[in-house]
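Below is one structure, written out as structure tokens; the observations come after it.
Numbering (our numbering), first residue to last: 33 to 70.
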């Protein structure tokens with residue numbers, strides 16, 4: 033696992049929490065996926 037995969041894993045864990053941080057992580061992941069999966 034490289035650093036990028038680790039960060040994504042951490043963000044996905046945070047995303048599953050129902051909190052402000054979870055919403056921020058969800059938004060960040062959506063932006064990341066848009067940028068790198070097109």
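Glycine residues also receive a C-beta, built at the ideal position from the N, C-alpha and C atoms.
Treat the numbers as computed from the prediction; the structure is a model and nothing was measured.
Bounding residues of the alpha helix (DSSP H) (the contiguous stretch that carries residue 45) = Counted from its first residue, the chain shown places residue 45 at position 13. Where residue 45 is concerned, the enclosing alpha helix (DSSP H) starts and stops at 35–47.
When the Cα atoms are used, what is the spatial distance from residue 48 to residue 54?
-> Translated into the one-based positions of the chain shown, residue 48 becomes position 16. Translated into the one-based positions of the chain shown, residue 54 becomes position 22. Their Cα atoms are separated by approximately 6 Å.
In chain order, what residues of the same chain lie with their CB nearer than 8 Å to the CB of residue 44, ignoring the 5 residues before and after it?
-> By 1-based counting over the chain shown, the position of residue 44 is 12. 57, 61.
Over the uninterrupted alpha helix (DSSP H) stretch that includes residue 52, give me the two end residues.
-> The residue you call residue 52 lines up with position 20 of the chain shown. Unbroken alpha helix (DSSP H) run through residue 52: 52–68.
Taking just the CA atoms, how far does residue 65 sit from residue 59?
-> Locating residue 59 in the chain shown gives position 27, counting from the first residue. Locating residue 65 in the chain shown gives position 33, counting from the first residue. So the two alpha carbons sit approximately 10 Å from each other.
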